[in-house]
Structure formats: C-alpha cells, structure tokens
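Residue numbers (this note's numbering): 17 to 338.
We put the beta carbon where it would ideally sit given N, CA and C, even for glycine.
To keep things clear, I will list the structure first and then write my remarks on it.
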C-alpha cells in the first residue's frame with residue numbers, strides 16, 4: 017500500500033529558475049505574469065459584454081497592475097516585518113519579490129485604487145468595472161499559486177493522503193516546541209524530525225482548485241440573478257475568504273502573526289472581509305437591485321466622444337428647427 021501512495025504523491029520541481037544567458041527566468045514570475053495576462057483577457061471579454069469598449073480594461077490595467085503588485089508586497093512585508101527588519105533580518109530582501117511574498121489583500125486594495133484612478137481617467141463607473149474584473153482575478157490567483165509550487169513554499173502540514181506534496185528538505189518548515197524551525201532540524205508537533213518520505217498538504221493546489229470553483233460559481237450566480245452594483249465583487253470576496261480561511265489553517269509556513277487570539281492574522285482578515293462583503297451584498301441587493309444599464313459616467317464614454325461638438329458660432333444650419 018505504501019509504495020502505491022508514494023507513487024501517487026505530487027513531486028515538486030527540481031528547480032524554479034532557468035537561465036537564458038545572464039537572465040534568470042523564474043517560475044514564480046512566469047505564473048504571476050501569466051495570471052495577469054489571463055485576468056486582463058477575461059476582463060476585456062466581460063467588460064465588452066457589460067457594454068464597455070475593448071481596450072479599456074488594458075488601459076485600466078496600466079494603473080491597477082503596478083498598484084496591485086506594490087500593495088501585495090507591502091501587505092506581506094507589513095505583516096511579516098521581522099523577517100526583513102528584525103534581528104538578523106536583511107531589509108534589502110523586502111524588495112526580492114521573486115523569492116515569493118505577495119499578500120493578496122494588499123494587492124486587491126491597492127489594485128482597486130489603481131483601477132479607480134484608471135476608471136476616472138476613462139469616464140468609467142467603478143462598480144461595474146470591478147464586477148467585470150473580479151472573476152478573472154480569481155483565475156489569475158489560481159495560476160499564480162503555481163508559483164508557490166515552483167518555490168516550494170506555503171505548503172501545509174504533513175499528510176498521508178495520496179496527493180501529498182513532496183518538498184525538498186531544505187525547504188521544510190515546522191514548529192518545534194512553539195519555535196519556527198526549518199531544514200533538517202524541522203520537527204512535527206508531536207516531536208521528532210520529519211520522517212523519510214514525508215509529504216505535505218498541497219495547499220497551493222487546494223487554493224487553485226477552490227478559486228476555479230469560485231469562478232464557475234460567480235459566473236453562474238451572475239447570469240442567474242443578474243448581479244450588478246458591486247455584488248459580483250462582493251461574492252468574489254466572500255468566496256475567496258471562505259476558502260482562504262480553512263486553507264490557511266493547514267499551512268505551516270513561517271509567519272510573524274501566527275497566533276492572534278488563537279488564529280493566524282490572515283484567518284482573522286478573511287473573517288472580517290467575509291462579514292463586510294456579505295453585509296454589502298445584502299445592502300446592495302435591497303437598495304440597488306439588478307444591474308447597471310450604463311457603465312460610463314454621464315457625458316463620458318464612446319457615445320459622448322462620438323457626438324459632434326456644439327456649435328458656438330450661432331450658425332443657423334445647426335438649428336434643430338431648421
């Protein structure tokens with residue numbers, strides 16, 4: 017039985033970086049970039065279906081993507097600052113994004129700010145834009161999680177399930193007597209080092225599959241109930257936080273806020289955001305049912321741009337009564 021289980025485990029890649037001459041090609045970065053491209057493509061399709069114009073999501077992405085990446089890194093560093101600025105930390109590594117460490121909620125918060133800036137410049141209403149973008153973000157997160165697989169990070173506790181994830185010993189992380197430990201000295205909660213052949217919960221895969229299922233659910237709910245006025249975005253937040261809560265509970269990676277009133281900080285974040293999103297969904301359903309018919313601010317958008325300029329010369333030929 018044991019050989020059969022071992023044969024069914026998920027291997028980790030032997031390397032996460034390839035070199036094209038002097039240029040490193042990192043699996044983590046490729047997953048993030050691919051996720052962004054797919055999210056923009058899905059967003060463009062959905063935006064057109066809502067009445068928008070092709071190319072506008074790309075214009076907004078010029079603002080949203082860099083804001084989102086900066087926000088994601090800031091959230092990670094802020095919630096795990098001792099790793100970089102504490103005793104023995106290396107502050108310069110706060111800039112090493114390729115080593116992993118992007119906090120989704122910082123990315124969503126500043127990414128939404130960037131989207132708001134881009135939307136205002138284009139005369140686009142923000143809520144229908146966020147509703148159009150949200151499902152694609154879930155797919156982007158699903159793809160991005162494979163970057164954790166390349167880096168052999170953010171995995172879960174040891175497991176005997178047949179889909180356990182193989183992790184090289186140098187990437188092991190665990191708690192020994194309440195102290196975060198790594199590498200060959202790593203132990204399990206019950207004491208003793210990890211045994212040979214140990215495998216771990218593939219939390220990156222759990223989140224990938226959860227996000228894809230949430231994407232399908234959102235598309236169905238949107239079509240079934242004609243969601244609008246930010247309710248698609250609210251369902252995105254609820255669906256993601258619901259999954260992130262239980263997946264976070266499985267993880268053994270080293271985080272500074274490991275125990276905040278008995279739970280990880282990210283679990284508390286998920287709880288608070290779920291409640292906030294659910295409250296907004298209920299409020300919007302009662303006060304703003306249905307979906308926006310117009311996705312542009314009054315007097316803006318392609319239709320307004322196509323209108324002839326008003327005649328200020330008083331030429332009688334422009335008189336509507338002529």
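Legend entry - Alpha-carbon spacing of residue 29 relative to residue 216, whole angstroms: The straight-line gap from Cα to Cα measures roughly 15 Å.
Inset, instruction - Could you name each continuous beta strand (DSSP E) segment of 3 residues or more that falls completely within the stretch 278-327, going from the start of the chain to the end? - result: The qualifying runs do not exist here; there are none.
Legend entry - Separation of residue 69 from residue 163, as counted between CA atoms: For the pair residue 163 and residue 69, the Cα-to-Cα distance works out to about 32 Å.
Legend entry - Proximal residues to residue 64 (C-beta, below 8 Å), its chain only, five neighbours per side dropped: 70, listed in sequence order.
Legend entry - One or two residues paired with residue 174 in a DSSP bridge: Answer is 216.
Legend entry - Span of the beta strand (DSSP E), counted from its first residue to its last, around residue 35: Looking at the DSSP string, the run of the beta strand (DSSP E) that includes residue 35 is 33-36.
Legend entry - Cut-off 6 Å between Cβ atoms - residues of its own chain near residue 277, not counting five sequence neighbours on either side: So the list is empty, once near-sequence residues are dropped.
Inset, instruction - Specify, as a first and last residue, the run of the beta strand (DSSP E) that residue 42 falls within. - result: Under the DSSP assignment, residue 42 falls in the beta strand (DSSP E) whose first and last residues are 39-42.
Inset, instruction - Compute the distance between the beta-carbons of residue 263 and residue 222, then report whether it is under 7 Å. - result: Yes, they are a contact pair.
Legend entry - Distance between residue 267 and residue 153 (C-alpha atoms, nearest Å): Residue 153 and residue 267 have their C-alpha atoms spaced approximately 23 Å apart.
Legend entry - Nearest-angstrom Cα separation, counted from residue 224 out to residue 181: Roughly 14 Å separates the two Cα atoms.
Inset, instruction - Just the C-alpha distance for residue 25 and residue 173, rounded to the nearest angstrom, thanks. - result: Straight-line Cα distance between these residues: approximately 14 Å.
Legend entry - Beta-carbon proximity check, residue 261 vs residue 226, cutoff 7 Å: Taking 7 Å as the Cβ cut-off, residue 261 and residue 226 do not qualify as a contacting pair.
Inset, instruction - Check whether the Cβ atoms of residue 59 and residue 160 sit closer than 7 Å, and answer yes or no. - result: It is not a contact, given that the beta carbons lie outside the stated cut-off.
Inset, instruction - Assuming residue 87 contacts residue 123 (C-beta within less than 8 Å), just tell me the rounded distance between them. - result: Confirmed, Cβ separation roughly 5 Å.
Legend entry - residue 92 - containing alpha helix (DSSP H), residue span: Residues 72-95.
Inset, instruction - Thinking residue 269 and residue 170 are a contact (beta carbons under 8 Å), I'd like their distance in whole angstroms, please. - result: At roughly 5 Å, the Cβ-Cβ gap stays under 8 Å, so residue 269 and residue 170 are in contact.
Inset, instruction - Answer yes if the stretch 74-81 comes into contact with the stretch 120-138, meaning at least three C-beta pairs across the two stretches below 8 Å, and no otherwise. - result: Result yes; three or more Cβ-Cβ pairs closer than 8 Å.
Inset, instruction - Would you kindly check if the distance between the Cβ of residue 158 and the Cβ of residue 228 is under 7 Å? - result: Residue 228 is a Cβ neighbour of residue 158, given a cutoff of 7 Å.
Inset, instruction - Pick helix, strand or coil for residue 276, following the three-state DSSP scheme. - result: Three-state result, residue 276: strand.
Legend entry - Start-to-end residues for the alpha helix (DSSP H) that takes in residue 69: Going by DSSP, residue 69 is part of no alpha helix (DSSP H) at all; its letter is neither H nor E.
Legend entry - Contacts around residue 44, its chain only, beta-carbon distance under 7 Å, and the 5 residues preceding and following it disregarded: Beyond the five residues adjoining it in sequence on each side, residue 44 comes within less than 7 Å, by CB distance, of 32, 114, 116, 163, 166 and 167 in the same chain, given in chain order.
Inset, instruction - Compute the distance between the beta-carbons of residue 257 and residue 220, then report whether it is under 7 Å. - result: With a cutoff of 7 Å on beta-carbon distance, residue 257 and residue 220 are scored as not near each other.
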